[in-house]
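Quick mapping for you: the protein sequence lines, in order, are chains A and B.
Everything in the first sequence is counted per the working numbering, starting at 81 for the first residue and increasing by one.
Everything in the second sequence is counted per the working numbering, starting at 3 for the first residue and increasing by one.
Think of the CB as a built atom: it goes at the ideal place given N, C-alpha and C, for glycine as much as any other residue.
Keep in mind the model is a prediction, meaning the values are calculated, not measured.
These notes are about the structure you will find just below.
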Amino acid sequence: MVPTSYYIALSGILFALGMIGVLTRRTAIMVFLSVELMLNAANIALVAFARSWGDLTGQTAVFIVMTLAAAEVAIGLAIIVAIFRKRETTNVDDLAAMKG
Amino acid sequence: MLQAPDVALLPLLPILLVLAGALLSTLLGFWVSRRTLTVINIVTVILSGAGMIFLWNQGLSSFAGGLQADNAAILLGLTILVGTLMTLLVSLDTAWRARVSFPEFDAMLMYAVTGCLLIVFSGDLIVMLIGLEIMSLSGYVLATLQDSRRAEESGLKYFLLGAAGSAILIYGIAFVYGATGSLNYAAIAAKVGSVSNLTPENTGILVGGSLLLLAGFAFKIALVPFHQWTPDVYSGAPTTVSLFLSTVVKVAAFAGMLRVFGGALADAPGWAGVLQILTAATLIIGNTAALLQLNFKRMMAYSAVAHTGFLAMCLLGTQALGGAALGYYLLVYTLMTAAALAVVAALQRTETGFEINDMRGLYYRHPGYAIALSVCLASLAGLPPFAGFFGKYLAFQAAFQNGYVWLSVLAAVTSVAALVYYLRPAMLMFMPDRTPAKEYTRGERFPTTLTIGLGVAGVTVLGILPNVWYGWVANPAIWQLLAGR
Numbered sequence: 081m082v083p084t085s086y087y088i089a090l091s092g093i094l095f096a097l098g099m100i101g102v103l104t105r106r107t108a109i110m111v112f113l114s115v116e117l118m119l120n121a122a123n124i125a126l127v128a129f130a131r132s133w134g135d136l137t138g139q140t141a142v143f144i145v146m147t148l149a150a151a152e153v154a155i156g157l158a159i160i161v162a163i164f165r166k167r168e169t170t171n172v173d174d175l176a177a178m179k180g
Numbered sequence: 003m004l005q006a007p008d009v010a011l012l013p014l015l016p017i018l019l020v021l022a023g024a025l026l027s028t029l030l031g032f033w034v035s036r037r038t039l040t041v042i043n044i045v046t047v048i049l050s051g052a053g054m055i056f057l058w059n060q061g062l063s064s065f066a067g068g069l070q071a072d073n074a075a076i077l078l079g080l081t082i083l084v085g086t087l088m089t090l091l092v093s094l095d096t097a098w099r100a101r102v103s104f105p106e107f108d109a110m111l112m113y114a115v116t117g118c119l120l121i122v123f124s125g126d127l128i129v130m131l132i133g134l135e136i137m138s139l140s141g142y143v144l145a146t147l148q149d150s151r152r153a154e155e156s157g158l159k160y161f162l163l164g165a166a167g168s169a170i171l172i173y174g175i176a177f178v179y180g181a182t183g184s185l186n187y188a189a190i191a192a193k194v195g196s197v198s199n200l201t202p203e204n205t206g207i208l209v210g211g212s213l214l215l216l217a218g219f220a221f222k223i224a225l226v227p228f229h230q231w232t233p234d235v236y237s238g239a240p241t242t243v244s245l246f247l248s249t250v251v252k253v254a255a256f257a258g259m260l261r262v263f264g265g266a267l268a269d270a271p272g273w274a275g276v277l278q279i280l281t282a283a284t285l286i287i288g289n290t291a292a293l294l295q296l297n298f299k300r301m302m303a304y305s306a307v308a309h310t311g312f313l314a315m316c317l318l319g320t321q322a323l324g325g326a327a328l329g330y331y332l333l334v335y336t337l338m339t340a341a342a343l344a345v346v347a348a349l350q351r352t353e354t355g356f357e358i359n360d361m362r363g364l365y366y367r368h369p370g371y372a373i374a375l376s377v378c379l380a381s382l383a384g385l386p387p388f389a390g391f392f393g394k395y396l397a398f399q400a401a402f403q404n405g406y407v408w409l410s411v412l413a414a415v416t417s418v419a420a421l422v423y424y425l426r427p428a429m430l431m432f433m434p435d436r437t438p439a440k441e442y443t444r445g446e447r448f449p450t451t452l453t454i455g456l457g458v459a460g461v462t463v464l465g466i467l468p469n470v471w472y473g474w475v476a477n478p479a480i481w482q483l484l485a486g487r
């Protein structure tokens, strides 16, 4: 049986990759994709911990997190599409009318 | 062996009433005008408040402790409903000018309130998460809803940073679950309370999880350095939406923090030290940045960041003192911020709000609103006899008595700086001015006046007779049961 720490390490790596993506990517879609990566890292951690505790609560929590991610996609893509229609770009650096 | 879940709908009553308002707005939006819907929603909000008062002292819970209608939930829930009521009243007058007067606005607003109440009534990390996401997702839509470049920019910024914050929060939940083996507040608190239950390895995971949760919540309540979205969102969104986001949504996020850090993780090591540093940074940066603003609406956004610092000090207090201080301060903060932004929403010519210099002579053009705005600003600055003073005093006391002396001193120093930026517009309003009015001259309408009157009356009455509200929140027994033990 693979020890839980391996799964946690994997989820930690995924989460870090997602975090780096959020901080460095300049396209709204790619930032959003990185956020999804972070959510999936959380899902792996939840499932791994659920297995090590022998408890199903964590597994059911994953379903809820997946649903939340889907709802977030619906709203997020709608916002991004609305912006793309008006400006023909989703580069976050171009969205800098407000500063200070 | 399957057990029938414990589903009692009575504790859910206030949430269900607000949800009914949201669903009605979604469905009836095809047939009736938006004003009718807003009136319906105002009625559901009032009914929901009556429902909460009915649940007072009953201490009900449902879904095996996943949802609890204890007194703490009811007090914070009433604060949220007051903020919602003020938003709805203001939106009756200003939504059409902001070009957001369609049924979807009401529906999204009421869904967001449903999420807020779910956070307040939560007894479980997952219920809290669902509420937080309903609230945040509706909030992203509300910020974007106006068809303008500024609103879309603010919506995208809010969405991307909010989604990243939620992801960090969920990762924190996973780690807290990993350390304690439960998502229920009471079970987590029982596990955390006696460290002998935790292996050293699990203690490490718990510290990591609580810090991730803290960072996730810091995004939602706008603690420095996670506050970057706040000024852009609050100044880019229509003022009615900023009013909602800076009062109701912030109260709900603080309620979630109180449940998690004041209840479930109260005895967990590590997070308090980090929170005091973030609070200190918030106090310094929020107040300094507000000093530099030229636009009144943007200054109010930074003032919201600064107030996050004062409110977060309550979380550093003991449960009894800190919970009471937070319960009092959140209501006062809602009243004064909502009334001040209601004046902006009524008198602004465009959705950018007005420049501070354009407020010169406001008293001679709109005497009632100018006096109301200066009362709110004096209360925000923490001047007696208004309620903001007592709120700040309680917050300082909560932090001070729990040993955070330097933080209380820092907060006192920064609130002197706050005096400058709050009182400058207040003084300008009373200076005579001969230039033509820069604001919308026909903004004074009855529902807005009612809201502002409510805010000013609340701030004054609660300042002179604090016990009207503090008497209810000061009972330490309420806040000792945050986790539902």
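Interface with chain A (8 Å Cβ-Cβ cutoff): residue 113(B) is excluded. Beyond the five residues adjoining it in sequence on each side, residue 464(B) comes within less than 7 Å, by CB distance, of 334, 389, 470 and 471 in the same chain, given in chain order. Rounded to whole angstroms, the separation of the alpha carbons of residue 339(B) and residue 382(B) is 8 Å.
Minimum Cα-Cα distance from residue 115(A) among the listed residues 157(A), 137(A) and 127(A) corresponds to 157(A).
Residue 264(B) places its beta carbon less than 8 Å from that of residue 317(B). By DSSP's assignment, residue 186(B) forms a beta bridge with 126(B).
If only complete runs of 3 or more residues are kept, the stretch 314 to 349 of chain B shows no beta strand (DSSP E) anywhere. The DSSP-derived three-state label of residue 64(B) is strand. Look at the stretch 154 to 188 of chain B: the residues with a C-beta under 8 Å from a C-beta of chain A are 154, 155, 156, 157, 158, 159, 161, 162, 165, 166, 168, 169, 170, 172, 173, 175, 176, 177, 179, 180, 183, 184 and 185. The beta carbon of residue 237(B) falls within 8 Å of a beta carbon belonging to chain A, placing the residue at that interface. Put simply, of 358(B), 276(B), 458(B) and 205(B) the residue whose alpha carbon is nearest the alpha carbon of residue 433(B) is 358(B). Near chain B, meaning a CB-to-CB distance below 7 Å, the residues of the stretch 128 to 149 of chain A are 129, 133, 135, 137, 138, 141, 144, 145 and 148. DSSP places residue 123(A) within a helical segment (H, G or I) once states are collapsed to three. Within the stretch 81 to 95 of chain A, contact with chain B at the beta-carbon level (separation under 7 Å) is assigned to 95. For residue 71(B), the enclosing beta strand (DSSP E) begins and ends at 69 to 71.
For residue 438(B), no alpha helix (DSSP H) encloses it, and the DSSP letter there is neither H nor E. Residue environment analysis places residue 105(B) among the buried positions, since at least 16 neighbouring C-beta atoms fall within 10 angstroms of its C-beta.
Linking residue 111(A) to residue 99(A) through their CA atoms gives a straight-line distance of about 9 Å. Around the C-beta of residue 35(B), fewer than 16 other C-beta atoms lie within 10 Å, and the residue is accordingly described as exposed.
For residue 244(B), the enclosing alpha helix (DSSP H) has its first and last residue at 241 to 246. Contact annotation: in the stretch 131 to 145 of chain B, residues whose CB is within less than 8 Å of a CB in chain A are 131, 132, 135, 139, 142 and 143.
In this structure, the beta-carbon distance from residue 83(B) to residue 258(B) does not fall below 8 Å. Taking C-alpha positions only, residue 429(B) is separated from residue 293(B) by approximately 15 Å. Taking each of 25(B), 180(B) and 186(B) in turn and checking the Cα distance to residue 63(B), the smallest one comes out for 186(B).
Listed in chain order, the alpha helix (DSSP H) runs fully inside the stretch 210 to 275 of chain B are 231 to 238, 241 to 246 and 252 to 259, counting runs of at least 4 residues. The beta-carbon of residue 17(B) is placed no less than 8 Å from the nearest beta-carbon of chain A. For residue 151(B), the nearest CB of chain A lies under 8 Å from its own CB, placing it at the interface with that chain. Excluding sequence positions up to five before and after residue 367(B), its CB lies within less than 8 Å of the CB of 439, 441 and 443, all in the same chain and listed in chain order. Contacts with chain A (Cβ-Cβ distance below 8 Å) from the stretch 228 to 254 of chain B involve 233, 234, 237 and 238, listed in chain order. Residue 266(B) places its beta carbon 8 Å or farther from that of residue 322(B). Within the stretch 127 to 165 of chain A, no complete beta strand (DSSP E) segment of 3 residues or longer occurs.
Its chain contains 234 and 238 as the residues whose beta carbon lies nearer than 8 Å to that of residue 155(B), once the 5 sequence neighbours on both sides are disregarded; these appear in chain order. Classified as exposed, residue 437(B) has fewer than 16 neighbouring CB atoms from the shown chains inside 10 Å of its CB. Residues of chain B with a Cβ closer than 7 Å to the Cβ of residue 102(A) are, in chain order, 166. Chain A has a Cβ within less than 8 Å of the Cβ of residue 128(B).
Along the stretch 105 to 119 of chain A, going in chain order, the ones with a CB nearer than 9 Å to a CB of chain B are 108, 111, 112, 114, 115, 116, 117, 118 and 119.
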